[in-house]
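Enquirer: This structure is in structure tokens; I'll ask about it shortly.
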Amino acid sequence: MRKTTFHYGSSAYPLEIGPSFGVDFLIAPRRTLLDAHLVDAARVAGAEVRHRTALRELLRDPQTGRVTGAVLSGPNGQTYNVSCGIVIGADGRRSSVARMAGAGTREQTVHRSGCIYAYVTGLPEDGYHWYYGPGTTAGAIPTNQAAHCVFASVRGDEFVHLRRGHDREGLLTTLAGRANAAFGQSLADVTQMEPPVIFGGANGHIRESFGLGWALVGDAAYFKDPNTAHGITDALRDAEILANAVIAGTDAALAGYQARRDALSRGLFRITDRIASFDWTLRELQELHRDLNETMKCEQTWMAEAFAPPASAA
1 MRKTTFHYGS SAYPLEIGPS FGVDFLIAPR RTLLDAHLVD AARVAGAEVR HRTALRELLR
61 DPQTGRVTGA VLSGPNGQTY NVSCGIVIGA DGRRSSVARM AGAGTREQTV HRSGCIYAYV
121 TGLPEDGYHW YYGPGTTAGA IPTNQAAHCV FASVRGDEFV HLRRGHDREG LLTTLAGRAN
181 AAFGQSLADV TQMEPPVIFG GANGHIRESF GLGWALVGDA AYFKDPNTAH GITDALRDAE
241 ILANAVIAGT DAALAGYQAR RDALSRGLFR ITDRIASFDW TLRELQELHR DLNETMKCEQ
301 TWMAEAFAPP ASAA
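Residue numbers for the sequence shown follow full-length UniProt numbering, beginning at 1 and rising by one.
Right, here's the structure in full:
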């Protein structure tokens, strides 16, 4: 997509996506598509992929405490040991690796939003749309199969209250209409591909993300409120930094990974927490979005200079 429009109350600000580091478009593939491509790429690179497998325990050297492997269980529930040089937890914000490794929390947010989203067809293909009303955000993000991810969110405690009075379809339409009446009305004409999904919200965290024989990446390491829609970028960015540190093969390189992750993330983390408070006027929100944009530009510049040029996927 080459256009995105921000709607603050009744005012709309369309923006064309200009070229940036050789890219002049935005994409938001569904996880069902993106994850399958990542798994295929891992297999091509030589990884052995095991689905329906759970972590049961971390193995440690009894003398040094260094993690030396893991106890896993497969679909039949039988456990087995795997030895390795490093265990990497990319297992989400409730990470088992983080819990078992004893990873501390370096920073935590104060605010959280509650969100409901659904995948629908029937909206026009005219770019991204972000809607903001008093105490409410909503949007429509184009994705694959001519579908859109439509979402709406409010402050976490208000979301709990509103859930009691609506079914899921009604809640999504009501909140979308609060953000922008025309957007809420447009959802009456869409076709839902599957039932709406509710995320009740969670406080953001920046965790300690490495130790003796272990590391964390993705939401396991760093999670922030989804209102700024940057989580996949964070995860892929940090996976690249961590991969380079693992290749270097030293604890100092892993410490460098964490330091770089923190430096790139803290601005995004704190601005996102401020947006998730919903304690802003629309004018103040516009300023927060300008700050967010400048922070993202700094991140993009660093990645363009630090990472090898990307290869085309098609």
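Built from N, CA and C at the ideal position, the CB exists for glycine as well.
Mark H51 as exposed unless 16 or more other C-beta atoms lie within 10 angstroms of its C-beta, in which case mark it buried.
Expert: Looking at its Cβ environment, which holds fewer than 16 other Cβ atoms inside 10 Å, H51 is exposed.
Enquirer: Run the CB neighbour count on D167, radius 10 Å, all protein chains shown included, and call it buried at 16 or more, exposed below.
Expert: Label assigned to D167: exposed.
Enquirer: Would you kindly work out how many angstroms separate the C-alpha atoms of D291 and L236, rounded to a whole number?
Expert: Whole-angstrom Cα-Cα distance: 22 Å.
Enquirer: Comparing C-alpha positions only, which one of V82, T295, T121 and P226 sits nearest to E48?
Expert: E48 has its Cα closest to that of V82, out of V82, T295, T121 and P226.
Enquirer: What three-state label does DSSP hand E16 in the structure shown?
Expert: Strand, per DSSP.
Enquirer: Looking only at its own chain, which residues have a Cβ that is under 7 Å from the Cβ of A245, when we skip the five neighbours before and after it?
Expert: The answer, listed in chain order, is A253, L254, G256 and Y257.
Enquirer: Could you check where the beta strand (DSSP E) with K3 kicks off and where it finishes?
Expert: Per DSSP, K3 belongs to the beta strand (DSSP E) from K3 to Y8.
Enquirer: Just verifying my parser: in three-state terms, what is the DSSP assignment at I247?
Expert: Correct three-state label for I247: helix.
Enquirer: Considering only C-alpha positions, which residue in the set S209, N227 and W214 is nearest to F199?
Expert: Among S209, N227 and W214, the Cα nearest to that of F199 is on N227.
Enquirer: Hey, would you say V97 sits closer than 7 Å to G213, going by beta carbons?
Expert: No, the pair does not count as a contact, with Cβ atoms beyond the cut-off.
Enquirer: For the alpha helix (DSSP H) holding A101, just list the boundary residues, first then last.
Expert: Its alpha helix (DSSP H) spans residues S96 to A101.
Enquirer: Can you round the beta-carbon distance between F183 and A118 to whole angstroms, since I take them to be within the 8 Å contact cut?
Expert: Not quite, the Cβ-Cβ distance comes to about 13 Å (not below 8 Å), so this is no contact.
Enquirer: Straight-line CA distance for E240 to P310?
Expert: Between E240 and P310, the C-alpha separation is close to 11 Å.
Enquirer: What's the gap between the Cα of P19 and the Cα of K3?
Expert: About 12 Å.
Enquirer: Once you ignore the five residues that flank F6 on each side, which residues in its own chain have a CB closer than 6 Å to its CB?
Expert: Within the same chain, F6 has close Cβ partners Y13 and W130.
Enquirer: T295 and L268 - do their beta-carbons sit closer together than 7 Å?
Expert: Yes. Within cutoff.
Enquirer: Taking the C-alpha atoms as reference points, what is the distance between R270 and V110?
Expert: The straight-line gap from Cα to Cα measures roughly 10 Å.
Enquirer: Helix, strand or coil for G201 per DSSP?
Expert: Note: G201 maps to coil in three-state DSSP.
Enquirer: Identify whether P309 lies in helix, strand or coil by the three-state DSSP scheme.
Expert: Note: P309 maps to coil in three-state DSSP.
Enquirer: Ordered along the chain, which non-local residues of its own chain (more than five positions away) have a Cβ less than 7 Å from that of A314?
Expert: Model confidence at A314 stands at a pLDDT of 48, short of 50, so the residue's coordinates are unreliable; what they give is reported in the following sentence. Closer than 7 Å at Cβ, skipping near neighbours: no residue.
Enquirer: Going by the DSSP bridge assignment, what does T121 pair with across the sheet?
Expert: DSSP lists A147 and T191 as partners of T121.
Enquirer: I'd like to know if the segment 62-80 and the segment 151-161 are in contact, where contact means that at least 3 CB-CB pairs between them fall below 8 Å.
Expert: These segments do not touch.
Enquirer: Looking at C-alpha atoms only, which residue of T174, L72 and I86 is the closest neighbour of G65?
Expert: Of T174, L72 and I86, the residue nearest in Cα terms is I86.
Enquirer: Considering Cα atoms alone, identify which of V150, L175 and A215 is closest to T191.
Expert: T191 has its Cα closest to that of V150, out of V150, L175 and A215.
Enquirer: With a threshold of 6 Å on Cβ separation, who are the neighbours of F278 within its own chain once the five nearest residues in sequence on each side are excluded?
Expert: Within the same chain, F278 has close Cβ partners G135 and R155.
Enquirer: Can you tell me the Cα-Cα spacing of N46 and L55, whole angstroms?
Expert: Looking at the sequence provided, one finds Gly at residue 46 rather than Asn. Cα-Cα distance, rounded: 21 Å.
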